[in-house]
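**Q** Protein chains in written order, with the UniProt record's numbering: chain A, 1 to 575; chain B, 1 to 575. From the three backbone atoms N, C-alpha and C, an ideal C-beta is built for every residue, glycine too. Bear in mind the structure is a predicted one, so any value in this text is a computation, not a measurement. Could you have a look at this structure, given as structure tokens, before my questions?
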């Protein structure tokens with residue numbers, strides 16, 4: 001048994017910041033070297049950030065990425081960690097087109113470049129638009145250990161690159177990934193990777209990106225399994241982390257002619273970096289195995305990280321939005337305070353003549369509990385200006401209230417430099433229950449992918465967590481228990497326009513996430529008139545949904561990224 | 001030489017309207033039968049509309065499409081045109097997944113189903129997300145003529161399905177297409193198809209969709225070439241049309257065992273519908289060959305059709321937007337009047353204290369010339385309300401004016417039911433020179449993909465056309481000749497913030513359409529400081545661009561659909 005210490009560097013790159021990301025890679029490889037690692041693995045496309053989308057098609061960007069990886073090899077050697085074999089994902093290209101590649105850097109040089117073979121083109125992925133598939137596999141022998149590499153989706157293929165590596169002979173497989181977070185996805189990844197390790201009979205070291213990128217958030221959750229699929233080490237979710245693991249891979253026999261060549265249509269290339277084994281050393285005593293978070297903690301952490309990175313990576317330091325006293329803006333405020341600190345949160349109460357007294361006091365109490373900035377700007381006179389001028393009534397009058405608030409928030413954003421948040425939830429976005437250019441104003445919508453009933457659950461969970469830590473629960477009880485209302489006309493409540501949220505969310509979950517049709521919804525026991533009503537609302541709200549700001553995706557079918565429907569669309573599920 | 005009369009039915013389907021589209025297909029097949037046609041060809045996915053996007057992934061929609069095509073075969077027979085072999089594109093699916101298919105309908109039955117083989121996944125296309133590629137080719141013998149079919153992209157492949165058909169033996173190839181309009185694309189299609197006809201040695205009948213679908217517009221331009229690639233017939237652009245052509249395809253020998261089987265990996269299947277030749281008849285005297293439109297007429301027609309179909313297919317009958325007296329809103333108004341009729345156009349002049357007298361008079365004159373609705377709603381007091389309340393100055397104050405106008409237009413839309421148009425042009429959208437929730441308010445942006453200098457050209461062209469027809473030129477001369485200004489502060493002109501439009505559009509054309517980098521722009525002779533300024537503006541405006549309403553695409557790299565960049569993006573072309 002050869003010994004080898006691997007380090008999975010679960011870092012948070014910034015998309016397109018080649019210099020900054022190279023600095024991050026040097027810093028973390030240096031830390032890995034200090035920890036005695038022989039191999040360091042970064043996530044998929046760490047150097048460029050992921051997903052680069054159509055930047056992959058810009059020749060100047062591709063050139064810059066190719067040069068950056070060459071320079072990085074030198075920088076690592078200069079930083080004294082050239083002896084650590086370092087796998088770094090980056091954007092490459094050749095005459096066939098752009099490639100989603102991983103470079104192996106060693107002693108100041110790029111010793112291998114391998115492109116991802118299986119290019120996902122579903123859900124949030126558009127990789128067949130951006131990349132050409134790879135045709136080669138590089139096996140590098142380091143300290144007598146033959147190391148193969150597969151990128152993300154390549155791991156998920158039966159009989160794919162892992163199988164080719166196994167048949168050609170490897171001792172260890174490392175896997176850079178950029179696997180976006182979804183609720184409970186960590187329950188899926190580990191069994192898949194464990195199964196591949198068992199099939200190949202070698203340990204697999206899986207490194208995933210961490211951090212937010214537009215509407216995606218990557219949860220990290222990197223881990224190592226042994227050849228039996230047993231978990232050896234696991235990194236925490238949603239934070240940068242260096243996961244160091246001692247492995248004792250079974251050495252294959254010296255390479256024969258048969259070990260290189262073509263397997264499953266992939267050309268296996270072999271390079272010997274060093275044959276001599278690592279001098280025997282004492283492994284780390286306690287392997288690090290972090291427990292996955294609870295469902296609520298996981299979702300909360302995803303929303304916090306997605307929000308923080310969107311704000312900071314876009315060059316903002318603070319946010320502003322309306323504090324209505326309702327549950328959505330209260331949860332958004334608690335998330336923002338957790339993500340950015342209370343001093344970066346600016347709440348504005350914008351009461352109209354229809355705003356209830358408890359809404360105003362709950363909004364002020366929320367701000368007091370969070371310790372964030374707060375001001376009150378009544379909108380009555382501004383609204384009256386439009387209503388009087390145009391003689392508005394009904395929906396037109398209701399919408400003006402929301403739009404005046406939007407204009408006020410944008411004016412404060414322009415004047416003071418805060419990014420505006422839109423506190424809408426997935427339920428109202430699904431059915432179009434929002435005012436375009438009103439409450440949908442904002443550059444980011446933190447709870448866009450959270451159904452209304454989940455918003456309440458998160459509020460209760462966050463308050464309970466605070467209780468447990470002996471802190472003040474951030475969200476006033478009144479905001480959780482009051483009946484939801486847009487307060488745009490006297491006595492208005494959401495159930496005037498929508499079914500009860502418990503029923504509505506159940507139908508939406510089946511219709512949107514589950515892609516179920518009318519007959520299946522009926523079989524599930526929903527009332528036909530309610531199904532008809534909900535489905536019609538969803539089917540006709542696509543334009544509004546497209547205009548909604550991006551928000552962190554936590555489900556399989558987040559609006560915008562995953563579910564791409566035509567606006568002009570006469571298809572109705574219910575006929 | 002066998003005779004055969006083909007009809008290309010260039011129709012305008014509505015996406016998702018299966019019943020309506022089936023009715024359209026029956027109506028036009030009936031017309032083809034009345035014209036004596038033996039074969040009728042509809043465009044790609046006529047029955048469903050194109051592109052269906054993620055509707056392809058909804059099982060209930062797929063089922064409905066499959067049933068609709070079966071029912072359609074019966075409806076055609078009932079309508080007395082069952083003897084016309086009718087090719088209809090639709091959404092199919094089998095255990096492998098959804099297919100972009102064409103069905104051949106004959107005598108009440110579906111006699112063949114063939115799926116598209118080459119699935120484009122670039123530019124506006126995402127077909128690898130939505131469809132599985134086909135593996136078969138169906139050759140149908142009708143009146144002794146062996147007819148093969150290839151769908152759209154399949155035509156563009158060297159050595160692809162056309163080559164397989166040719167080697168297996170066919171007499172005629174029909175090609176249903178959904179090829180979106182781009183400027184001068186008609187100059188590209190004909191040579192490609194002519195080359196395929198020459199290679200295969202058979203005539204090719206190319207039928208393209210016509211009509212608008214969200215930001216795409218299909219121009220029709222269907223045509224037939226003979227085996228030498230010579231143009232036999234050509235339909236007009238941008239209108240529905242039945243193009244009837246008499247062909248005399250050279251008959252192949254009776255089918256031998258070798259003619260069915262596998263060619264280039266595609267299984268060729270053969271069905272004999274009828275062996276007996278058509279009784280000799282007198283061909284149509286004058287083949288119909290429409291001349292392509294001039295560049296300006298083509299673009300104008302594309303914008304008119306895209307606007308009309310977006311409004312009507314989304315269930316609106318009228319539009320409303322601000323008449324500023326400037327060139328953008330004037331051209332938008334002329335387009336809207338051409339698309340919807342002047343009675344469906346509602347112009348609103350919304351002067352502020354900074355609006356010039358000539359802007360007001362030009363706006364009123366525009367309305368007078370068009371004969372559309374017009375009203376004036378000064379915004380000064382409403383703006384003063386915000387400015388006074390929040391103490392706004394500078395950019396914040398400027399933006400409030402644009403946003404108050406947005407709120408007014410949306411209020412009128414809510415009250416009166418008009419769809420709001422955003423009159424922004426491609427140049428200002430490229431560099432982010434617009435106010436979010438202000439002048440960008442609207443459900444559709446008719447000139448979103450037209451650079452500013454092209455807007456002027458179109459205005460002059462449209463006025464000249466009116467002159468030629470002895471009509472009043474719609475656009476006041478003052479709106480064309482005045483210096484462009486947003487009129488948001490005293491004496492403001494666009495060149496305070498932007499380079500001269502001639503230079504700016506040249507740089508944008510190179511940077512956006514041409515994907516050229518800094519070095520290439522420098523080599524093209526642009527001033528480095530100007531390049532730097534423009535490129536920075538473009539690179540940081542992605543969020544604003546994403547929030548802009550859709551508009552008809554007329555270029556290769558229209559914002560939104562073709563050019564998909566991350567919002568959070570630290571990459572800067574200029575370092």
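(1) Which residues in the same chain have their Cβ closer than 8 Å to the Cβ of residue 431 of chain B, if we skip the five residues on either side of it in sequence?
(2) Note the first and the last residue of the continuous beta strand (DSSP E) segment covering residue 321 of chain A.
(3) Count the other C-beta atoms from every protein chain shown that fall within 10 angstroms of the C-beta of residue 122 of chain B, then say buried if there are 16 or more, exposed otherwise.
(4) Across which residues does DSSP place residue 176 of chain B in a beta bridge pair?
(5) Name, please, each residue of chain B whose Cβ falls closer than 8 Å to the Cβ of residue 180 of chain A.
(6) Could you compute how far the alpha carbon of residue 219 of chain A sits from the alpha carbon of residue 175 of chain A?
(7) Quick test of the definition: if touching needs 3 or more C-beta pairs under 8 Å, does the stretch 191-203 of chain B touch the stretch 273-281 of chain B?
(8) Taking three-plus beta-carbon pairs below 8 Å as touching, is the stretch 169-185 of chain A in contact with the stretch 44-57 of chain A?
(9) What is the residue span of the beta strand (DSSP E) that residue 583 of chain A lies within?
(10) Look up residue 263 of chain A in the DSSP assignment and give the residues it is bridged to.
(11) Ignore the nearest five residues each way along the sequence and tell me which others in residue 373 of chain B's own chain have a CB closer than 6 Å to its CB.
(12) Considering only the alpha carbon of each residue, which of A:295, A:333 and A:113 lies closest to residue 307 of chain A?
(13) What are the start and end residues of each continuous alpha helix (DSSP H) run of 4 or more residues lying completely inside the stretch 132-204 of chain A, in chain order?
(14) Identify whether residue 254 of chain A lies in helix, strand or coil by the three-state DSSP scheme.
(15) With 8 Å set as the bound, which would you pick, yes or no: does the beta-carbon of residue 254 of chain B sit closer than that to a beta-carbon of chain A?
(16) Quick check: the stretch 221-238 of chain A against the stretch 307-320 of chain A, are there 3 or more CB pairs under 8 Å?
(17) Given residue 371 of chain A, which residues of its chain have a CB within under 6 Å of its CB, disregarding the five upstream and five downstream residues?
(18) Between the stretch 51-83 of chain A and chain B, which residues of the former have a C-beta closer than 9 Å to a C-beta of the latter?
(19) Are residue 182 of chain B and residue 556 of chain B closer than 8 Å when you measure CB to CB?
(20) Is it buried or exposed for residue 173 of chain B, if we count other Cβ within 10 angstroms and need 16 for buried?
(21) Kindly indicate which three-state DSSP category residue 312 of chain B falls into: helix, strand or coil?
(22) Answer with yes or no whether the minimum CB distance from residue 460 of chain A to chain B is below 8 Å.
(23) Are there 16 or more other CB atoms within 10 angstroms of the CB of residue 289 of chain B, so buried, or fewer, so exposed?
(24) Quick check: what's the CA-CA separation for residue 254 of chain B versus residue 457 of chain B?
(25) For residue 389 of chain A, which of B:404, B:387, B:199 and B:151 has the nearest alpha-carbon?
(26) Just checking: is the beta-carbon of residue 406 of chain B within a distance shorter than 8 Å of some beta-carbon in chain A?
(27) So within the stretch 405-436 of chain B, which uninterrupted alpha helix (DSSP H) runs reach at least 4 residues, ignoring any that extend past its ends?
(28) Around the Cβ of residue 558 of chain B, are there at least 16 other Cβ atoms within 10 angstroms (buried) or fewer (exposed)?
(29) State the start and end residues of the unbroken alpha helix (DSSP H) segment that holds residue 109 of chain A.
(30) Counting only beta-carbon separations shorter than 8 Å, does residue 571 of chain B have a partner in chain A?
(31) Check residue 459 of chain A in the structure and name its three-state DSSP category.
(32) Run down chain B in chain order and give the residues with a C-beta less than 7 Å from the C-beta of residue 44 of chain A.
(33) Nearest CA to the CA of residue 67 of chain A: which residue from A:19, A:35 and A:34?
(34) Round the Cβ separation of residue 232 of chain A and residue 287 of chain A to the nearest angstrom and send it over; I've been treating them as touching at under 8 Å.
(35) For residue 186 of chain B, I'd like the list of residues in its chain whose CB is within less than 6 Å of its CB, leaving aside the five on either flank, ordered along the chain.
(36) Would you check if there are 3 or more beta carbon pairs closer than 8 Å linking the stretch 471-482 of chain A to the stretch 429-449 of chain A?
**A** For this structure:
(1) 498, 504, 508, 534, 537, 538 and 541
(2) 319-322
(3) exposed
(4) B:207
(5) Those do not exist, as residue 180 of chain A stays about 14 Å from chain B at its closest Cβ, beyond 8 Å.
(6) 16 Å
(7) no
(8) In short, these stretches touch, since the Cβ pair count reaches three.
(9) Any question about residue 583 of chain A goes unanswered here, given that chain A covers just 1 to 575.
(10) A:266
(11) 346
(12) A:333
(13) 161-168 and 186-200
(14) Note that residue 254 of chain A has pLDDT 48, beneath the 50 cutoff, so the model's placement of it is unreliable and the number below is only indicative. Residue state, collapsed to three classes: coil.
(15) The predicted position of residue 254 of chain B is uncertain, since its pLDDT is 48 and thus under 50; a value taken from the coordinates is nonetheless stated next. Chain A contact via Cβ: absent.
(16) no
(17) 342
(18) 51, 52, 53, 54, 55, 57, 58, 59, 60, 61, 63 and 64
(19) yes
(20) With a threshold of 16 other beta carbon atoms within 10 Å, residue 173 of chain B meets it and is buried.
(21) helix
(22) no
(23) Residue 289 of chain B should be labelled exposed.
(24) With a pLDDT of only 48 at residue 254 of chain B, under 50, the local geometry of the prediction cannot be trusted, and no value is derived from it.
(25) By alpha-carbon distance to residue 389 of chain A, the top candidate from B:404, B:387, B:199 and B:151 is B:404.
(26) yes
(27) 426-431
(28) buried
(29) Per DSSP, residue 109 of chain A lies in no alpha helix (DSSP H); the unbroken beta strand (DSSP E) holding it starts and ends at 109-115.
(30) yes
(31) The answer is helix: DSSP assigns residue 459 of chain A an H, G or I state.
(32) By Cβ distance, chain B contributes nothing, its closest Cβ being about 15 Å from residue 44 of chain A, past 7 Å.
(33) A:19
(34) Rounded, the Cβ-Cβ distance is 6 Å, consistent with contact.
(35) 221 and 292
(36) Flag = no, the stretch 471-482 of chain A and the stretch 429-449 of chain A do not touch.
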